[in-house]
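Worksheet for the structure shown next.
4 protein chains.
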Amino acid sequence: MDYQHIIDAVLSEKDVLSDIALKMYENPETAYNEVKACAWMCEALEKYGFKVEKGPYGMPTAIRAEWGSGHPIIGLLAEYDALPGLSQTQNTFKDPAVPGGPGQGCGHNLLGVATLAAAIGMKADLEKSGLPGTVVFYGCPAEEVLTGKAFMAREGAFKELDLAFAWHGSSKNALGLGMGGGLNSAIFHFKGKTAHASAAWNGRSALDAVELMNTGANYLREHMTPNSRIHYVYKEAGVAPNIVPDRASVWYYVRSLHRWEIDELYQRLVDCGRGAALMTGTEMEIEFQGGCYNTMSNKVIADVCAEVYPMVPAAEYTEEELAMADALNKTMPEYQVKKPEEPIHTGFIYKPDQYNISPGSSDVGDVQHIVPCMMVNTASQNILGVNHTWQTTCCAGNGIGLKGMLRGGIWMALAAAKFYRDEELVKSAWECFKKDLDGETYQCPIPKEIPIPQPQV
Amino acid sequence: MDYQHIIDAVLSEKDVLSDIALKMYENPETAYNEVKACAWMCEALEKYGFKVEKGPYGMPTAIRAEWGSGHPIIGLLAEYDALPGLSQTQNTFKDPAVPGGPGQGCGHNLLGVATLAAAIGMKADLEKSGLPGTVVFYGCPAEEVLTGKAFMAREGAFKELDLAFAWHGSSKNALGLGMGGGLNSAIFHFKGKTAHASAAWNGRSALDAVELMNTGANYLREHMTPNSRIHYVYKEAGVAPNIVPDRASVWYYVRSLHRWEIDELYQRLVDCGRGAALMTGTEMEIEFQGGCYNTMSNKVIADVCAEVYPMVPAAEYTEEELAMADALNKTMPEYQVKKPEEPIHTGFIYKPDQYNISPGSSDVGDVQHIVPCMMVNTASQNILGVNHTWQTTCCAGNGIGLKGMLRGGIWMALAAAKFYRDEELVKSAWECFKKDLDGETYQCPIPKEIPIPQPQV
Amino acid sequence: MDYQHIIDAVLSEKDVLSDIALKMYENPETAYNEVKACAWMCEALEKYGFKVEKGPYGMPTAIRAEWGSGHPIIGLLAEYDALPGLSQTQNTFKDPAVPGGPGQGCGHNLLGVATLAAAIGMKADLEKSGLPGTVVFYGCPAEEVLTGKAFMAREGAFKELDLAFAWHGSSKNALGLGMGGGLNSAIFHFKGKTAHASAAWNGRSALDAVELMNTGANYLREHMTPNSRIHYVYKEAGVAPNIVPDRASVWYYVRSLHRWEIDELYQRLVDCGRGAALMTGTEMEIEFQGGCYNTMSNKVIADVCAEVYPMVPAAEYTEEELAMADALNKTMPEYQVKKPEEPIHTGFIYKPDQYNISPGSSDVGDVQHIVPCMMVNTASQNILGVNHTWQTTCCAGNGIGLKGMLRGGIWMALAAAKFYRDEELVKSAWECFKKDLDGETYQCPIPKEIPIPQPQV
Amino acid sequence: MDYQHIIDAVLSEKDVLSDIALKMYENPETAYNEVKACAWMCEALEKYGFKVEKGPYGMPTAIRAEWGSGHPIIGLLAEYDALPGLSQTQNTFKDPAVPGGPGQGCGHNLLGVATLAAAIGMKADLEKSGLPGTVVFYGCPAEEVLTGKAFMAREGAFKELDLAFAWHGSSKNALGLGMGGGLNSAIFHFKGKTAHASAAWNGRSALDAVELMNTGANYLREHMTPNSRIHYVYKEAGVAPNIVPDRASVWYYVRSLHRWEIDELYQRLVDCGRGAALMTGTEMEIEFQGGCYNTMSNKVIADVCAEVYPMVPAAEYTEEELAMADALNKTMPEYQVKKPEEPIHTGFIYKPDQYNISPGSSDVGDVQHIVPCMMVNTASQNILGVNHTWQTTCCAGNGIGLKGMLRGGIWMALAAAKFYRDEELVKSAWECFKKDLDGETYQCPIPKEIPIPQPQV
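Chains as they are written, first to last, in the numbering used here: chain C, 1 to 457; chain Y, 1 to 457; chain P, 1 to 457; chain R, 1 to 457.
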């Protein structure tokens with residue numbers, strides 16, 4: 001089959017797409033504040049003929065855009081939020097463009113635009129082939145705080161789909177099978193009674209409560225299932241030593257591989273907090289921040305993606321890009337241990353019989369519990385690159401990132417083309433999905449009463 | 001006034017009294033097991049013409065014996081229980097008579113007999129003077145576990161009295177004003193769920209619960225009133241590392257200077273336990289051991305005791321006794337710091353304007369919250385002696401202890417003689433008592449449902 | 001003896017003195033930043049004929065000013081630093097003049113000027129009487145962080161004196177005998193290794209180290225002498241739950257009644273930190289903040305102060321001042337429990353046979369270990385006033401505070417007059433001082449290598 | 001190939017073998033005390049013509065016995081120690097033969113004799129075939145404390161071998177590929193200073209040290225590699241609440257999947273102990289109990305074992321045995337959840353592409369790091385049986401266990417026959433072994449200075 005028209009459709013918009021990605025690099029916006037990015041994406045989607053809804057689901061920086069009609073309905077998951085504190089120039093040493101400012105340290109500017117590229121390619125394919133089928137582009141806010149897609153799902157998104165694609169920038173061209181942790185995020189506030197610390201018997205220390213809750217949580221570690229994790233930091237922990245703190249708080253993540261494990265472990269953690277409140281004569285209040293499902297792969301979609309991957313045009317890097325990737329690699333601690341064979345990955349990794357457990361979380365997991373959904377990766381960083389670092393911010397603003405982005409968009413559109421042409425394949429993806437779920441159904445981890453965060457800009 | 005008849009009455013029974021004390025030294029019996037001691041005391045009291053009740057208040061090793069009629073009714077508080085693990089011969093180095101066996105390390109053999117001596121002296125005085133008045137001798141089991149007198153009080157003892165005397169062996173001839181800590185004693189049992197420790201997520205660790213309760217208790221220390229104390233040891237703390245312990249327990253003392261402080265602090269400690277149970281998914285059960293009131297002095301009785309003290313015949317020590325005391329002093333750590341001026345104390349200490357807080361507890365405190373009651377001390381150990389040591393056991397079995405014992409008995413009888421002769425003095429003692437209580441009333445710290453321990457012999 | 005000339009000398013400058021105090025009320029400056037206060041004080045001292053040194057001992061906001069010659073050399077301890085966050089208008093409800101700004105919540109504007117008033121009175125006395133004797137006025141920065149006088153002492157201050165006076169504003173006219181806690185203040189910084197929290201085995205948590213140090217410190221509480229205290233707050237305690245914190249720190253106060261106790265306890269606390277570093281594979285660095293000696297009274301000086309107190313003119317409050325004091329009293333929690341008999345204290349409290357332990361600290365304690373030095377208090381707040389509250393800031397800016405201030409200055413000058421006239425009295429004060437010290441000698445608690453903080457304005 | 005002679009050789013000794021196993025069931029001996037078992041085994045080995053060394057390697061209850069000459073030299077690992085507290089009669093409810101006494105709760109009586117059976121079969125095979133080759137039978141003491149084989153290895157055992165077989169009783173006929181945890185075992189003793197708990201500032205609590213070490217260890221859990229485990233119980237934890245404990249100790253297991261992980265984690269745990277000693281002013285002493293390597297499978301040997309398994313004669317159970325297995329199954333908690341399809345397992349489980357991580361440990365791991373060595377399992381318990389339970393003790397004393405034992409012996413001998421006939425197969429096993437080791441070499445985890453435990457009987 002010839003899919004060149006898909007590739008051509010994307011590459012013809014290469015400059016426009018790159019411009020948007022670079023504007024987002026220059027204007028990084030943190031979770032729930034992606035006002036400009038959202039506007040630029042909507043503008044482009046409209047230009048490309050999509051029916052665009054800006055701010056659906058009660059979320060001002062979300063997008064729902066569609067083109068086409070009939071089944072299969074294939075979704076695309078865009079993200080465009082930046083990370084606090086990761087501002088970086090195009091220098092190959094740590095050099096914030098705005099000291100302390102946010103930056104695209106996870107390359108979500110590329111992620112948003114790769115998805116847009118895929119949408120362009122899929123529309124071109126449906127248009128040319130005349131096949132029935134719909135493209136639904138979701139602009140998903142706030143992946144970095146892991147709650148954007150759960151809020152969207154709570155308000156009705158995604159369940160309309162037959163299947164979905166996501167892409168993320170990476171140091172490798174790769175397809176990974178397996179799971180990643182889901183999580184709950186909550187802040188536990190304790191309220192005690194202040195007193196001069198030299199007469200501390202008159203006080204009830206909220207800080208003691210936080211410390212004892214944490215001690216309890218550390219004892220709990222022995223009694224968690226092996227892939228579960230708890231981590232915390234203090235949010236408020238006393239003002240001056242001579243004052244018994246009447247307020248203190250701690251921010252927790254609870255991670256595990258299944259929602260039921262997260263729910264159960266979270267309840268036990270809440271009991272640690274309740275126990276600490278009892279021990280100290282203080283009161284506890286929980287500020288639930290949200291939660292997300294574990295991520296899952298879909299072997300059927302993955303096989304299709306692997307099949308079409310060879311069609312994705314190889315990236316051609318300039319001398320300058322290669323030199324920059326090389327310089328960035330040299331700044332990575334891993335470089336000391338293992339000098340890489342090439343500065344940017346050019347191969348392709350897919351191990352169909354290896355099923356990995358990865359510790360990290362993404363709210364793509366929520367979508368992956370609603371419809372069959374696979375995330376793919378292309379190299380858009382130096383080969384030793386790691387997300388959430390200044391080096392990755394740097395690559396998100398130059399040709400290394402942009403080339404990976406375009407290849408990612410093309411790849412998703414090529415894989416989608418297979419599904420638009422083969423209803424059985426969609427059925428197989430659903431069978432695989434149901435088998436993997438093993439009876440589990442999606443229940444949004446964020447309760448109804450938690451309001452959707454609004455832009456603070 | 002001439003009280004020589006009192007002194008003579010006691011000294012004429014010196015040999016009999018010493019024999020009983022030495023039999024108790026040779027046959028040490030621990031708390032609630034004082035079967036022989038109780039029998040010997042009853043036998044002697046009967047011989048001396050007292051009306052004896054053996055085993056009153058549901059306590060087989062308690063005694064209530066009386067002589068005389070009418071007011072004032074003056075009580076005497078005898079004790080005769082030994083301490084586990086303090087067996088000792090008459091050697092001046094640590095040398096248990098029975099390895100691991102109990103011993104009179106607090107000199108309660110002397111305490112019981114000193115009280116008997118006082119009873120003899122008081123009876124002789126009432127007999128000779130023809131004054132109205134009653135002597136009530138209480139044999140009080142189990143002082144060393146601090147609950148004997150509270151059980152007796154719960155069952156009705158002591159409230160019949162006008163006032164009471166107690167004596168305790170000491171390194172000094174002294175009268176102390178002030179307070180000592182009261183306490184609660186309880187064992188906290190936790191019940192969890194066992195599991196192989198390599199799959200500890202299936203288990204709920206009772207040992208974790210104890211450790212977290214203790215951590216909570218250590219944080220609580222900052223928030224206790226300054227004279228409060230908490231201490232604990234583990235009673236059960238796991239069997240083998242590869243088994244999650246489903247049972248664990250910890251034994252706590254809570255001390256403070258007033259019952260209300262103890263009650264409040266104990267409740268906060270219970271909350272630490274409840275909190276730990278919550279944190280660990282275990283269950284807590286409390287085995288309440290009992291409690292006692294803080295000790296108190298009575299300035300009016302103390303002044304009378306100080307007034308009559310010069311009449312108490314001085315002790316005359318043999319060369320051998322002085323040499324032994326000297327040898328024992330040399331085994332005390334304090335000897336390194338401050339060489340004492342004499343091997344056994346011969347002076348008298350009473351500072352009527354100094355009010356001391358002492359950390360130790362005694363169930364005499366319960367009586368001291370029911371009637372005016374003062375404890376006096378005479379030297380019955382080497383001058384650097386400390387209770388609950390093998391050196392003190394040693395002195396409890398020779399002339400050093402016996403001489404102090406007889407002097408203690410005489411002293412109490414002399415002081416009682418003043419009260420038998422002066423009704424106003426009794427009233428003054430009550431005024432002082434009520435002022436010190438400041439409205440507090442006695443509520444037995446051991447709830448009705450706790451059964452009285454029975455002899456395990 | 002007639003001391004009216006002393007009182008007249010101070011009262012004739014009443015308006016000038018009040019103006020300076022009010023300027024400092026309007027321009028509160030925090031510890032080590034008392035640039036304006038220092039300048040105004042120097043200006044006034046020069047005007048009154050004192051030989052003034054501005055910024056001695058390497059401390060830009062310190063003052064040393066003297067008048068007269070020969071012995072006795074009597075020192076006066078001025079302070080003029082404000083407290084962060086206690087800004088307040090003249091309203092009788094919490095109403096910051098500058099939100100979040102500093103304020104005279106401990107009334108040090110009054111303290112500085114009361115001392116100046118005393119200096120004027122003492123000079124007038126020496127001048128009129130022609131007696132030998134010297135007045136040394138010390139402007140002492142940074143009492144609120146408890147290190148100003150220790151730095152001054154380290155650099156040679158105070159040891160030139162025969163004795164010294166200090167005054168502090170209070171809710172009562174009072175002379176207190178006894179001791180207050182000295183302290184050490186230090187920040188413990190831990191440095192670990194960051195990692196993604198889901199792969200926390202690659203990290204070493206500095207936050208764990210702080211928590212374990214604190215757990216150790218809470219266990220240490222059982223093993224401290226009864227009047228010792230430890231308190232802490234976190235300074236840095238993690239950023240986001242998914243990052244193992246590589247930096248964390250905790251700020252500790254260690255208090256006790258003697259330097260040797262503080263030094264010993266501080267070393268044990270340092271060992272808790274070292275232990276926590278070992279346990280967590282992190283590194284600890286101590287930022288020692290300084291320390292101060294416990295405060296002490298001097299019974300000889302106190303008796304003299306009590307003797308002259310009746311000469312101090314009574315304060316005459318306006319209707320407005322009484323109404324304000326009444327309104328402020330009503331805002332104090334204590335008001336619910338015990339309605340005061342008068343809005344501002346007019347009596348005088350001195351109990352020559354009561355020796356109190358107070359929990360609070362002051363760097364006046366350092367001076368009190370170098371020369372005999374007594375602190376006196378006059379009412380300069382509403383009768384239920386408490387230092388370090390907005391109510392006290394309020395009083396520091398009106399007639400209530402100013403009248404207390406002038407009375408304080410007069411009182412010190414009157415007491416000094418007695419010592420200028422009686423060499424034996426000075427000797428007695430030294431005998432009392434030496435007896436109280438019991439062989440202890442002053443060793444500045446701040447090591448040589450700690451630099452003196454400089455103004456940050 | 002016909003291996004019937006091997007099967008016949010074993011089955012002809014069935015009664016003798018069963019008798020020995022039952023004698024060991026009747027006379028259970030705990031770790032290092034296997035005096036009778038060792039004697040009975042030696043007697044039998046001699047009878048069967050083996051050259052027997054009793055008590056080699058300085059271990060009185062160890063055995064080294066051999067038959068044959070030349071390569072391949074194939075080792076057999078016998079164990080025969082019982083477990084404390086697991087005494088049981090042939091009743092199908094918990095019913096200790098000797099209350100509190102030891103029992104064959106891990107079926108090591110069967111294990112020893114199954115190995116003897118294999119030795120008989122292997123000798124018969126070599127004898128009949130005339131092939132070169134040697135059988136080395138190792139009697140290995142003290143598997144239950146996980147140190148017997150490490151001591152043997154330290155003293156030179158096992159390295160002479162070409163490969164080795166082990167068998168263990170199980171609820172299933174199975175071959176498992178994968179790994180199990182290795183471990184270190186150590187008791188940490190702390191020494192402090194006693195004091196009356198009401199004056200605890202004079203004491204240094206060894207119990208505090210243990211608790212703080214444990215708190216540190218619980219914080220460490222977050223920072224361990226995922227398959228690592230730490231567990232502990234207290235050995236000594238205080239006597240009475242009113243005494244500051246000067247002695248306390250805790251017994252730790254540190255488990256992980258590789259020796260380097262164990263060594264590293266153990267050092268970090270030691271640092272937790274050192275840190276706790278620092279925090280509490282106590283001293284720590286480590287009583288190292290020993291350690292063992294993780295267990296490993298060998299795929300080449302496993303494949304051979306799977307190949308010959310069908311030749312092993314099926315067990316024929318009596319009605320009585322089946323009824324007993326059924327009754328025992330009904331006592332297992334799992335029975336409530338999933339009723340088994342048969343009372344005793346008759347199938348065979350081998351999943352050549354599944355590699356499992358098991359939490360449990362065995363000192364067979366030490367041998368498995370010296371030579372290629374595979375452990376096989378046959379059903380010798382009820383199908384829901386679990387080792388270290390009274391149900392397994394029961395089966396170890398009747399036909400269920402004995403039949404499994406004989407089948408295990410035959411199986412090992414059959415597999416050995418393949419290796420005696422195929423030198424290349426031995427080479428392949430070594431290649432697999434070296435690949436699995438990935439460069440790791442065996443270093444005995446028990447230091448030279450730890451003495452070999454001697455029988456305490």
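Cβ atoms here follow ideal geometry from the backbone N, Cα and C, with glycine treated the same way.
Please read all numbers here as calculations on a predicted model, not as lab measurements.
- Apart from the 5 residues on each side of it in sequence, Y/TYR253 sits with its Cβ closer than 6 Å to the Cβ of LEU183, SER185, HIS231 in its chain, given in chain order.
- Straight through space, the alpha carbons of Y/ARG268 and C/GLY281 are spaced by roughly 8 Å.
- Taking a Cβ-Cβ cut-off of 8 Å, the neighbours of C/ALA197 in chain P comprise ARG229, HIS231, TYR253, given in sequence order.
- Within chain C, no residue has its CB atom less than 8 Å from the CB of R/ASN356, the nearest being about 13 Å off.
- From the beta-carbon of Y/ASN242, the residues of chain R found nearer than 7 Å are HIS231, TYR253.
- If the five residues before and after Y/PRO455 are omitted, its C-beta is found closer than 7 Å to the C-beta atoms of TYR32, ASN33, VAL35, PRO60, THR61, all from its own chain and listed in chain order.
- P/LYS330 is not bridged by DSSP to any residue.
- Fully enclosed alpha helix (DSSP H) runs of no fewer than 4 residues occupy 423-437 of the stretch 409-448 of chain Y, in order along the chain.
- Chain P places no beta carbon closer than 8 Å to that of C/GLY139, leaving this residue out of the contacts.
- Y/GLU261 has a beta carbon lying at 8 Å or more from every beta carbon in chain P.
- The distance from the Cβ of P/VAL113 to that of P/ILE20 is about 5 Å, consistent with a contact at the 8 Å cut-off.
- Between Y/ILE187 and Y/GLU287, the C-beta spacing is below 8 Å.
- Collapsing the DSSP output to three states places P/LYS339 in coil.
- At a cut-off of 8 Å between beta carbons, R/ARG268 makes no contact with chain C.
- Between Y/ASN329 and Y/GLY180, the C-beta gap is not smaller than 8 Å, which leaves the two residues out of contact.
- With the rule of 3 Cβ pairs closer than 8 Å, the stretch 146-157 of chain P does not count as touching the stretch 98-113 of chain P.
- With the rule of 3 Cβ pairs closer than 8 Å, the stretch 311-319 of chain Y does not count as touching the stretch 209-229 of chain Y.
- Considering only C/ILE74, C/ASN91, C/THR441, C/GLY58, the residue with the shortest C-alpha distance to C/GLU320 is C/ASN91.
- Per the Cβ contact rule, the stretch 404-413 of chain C is not in contact with the stretch 323-337 of chain C (fewer than 3 Cβ pairs under 8 Å).
- For Y/MET375, the three-state secondary structure derived from DSSP is strand.
- Under a 10 Å Cβ-count criterion, C/GLY70 is classified as exposed, with fewer than 16 other Cβ atoms of the shown protein chains found around its own Cβ.
- R/ALA206 has a beta carbon lying at 8 Å or more from every beta carbon in chain Y.
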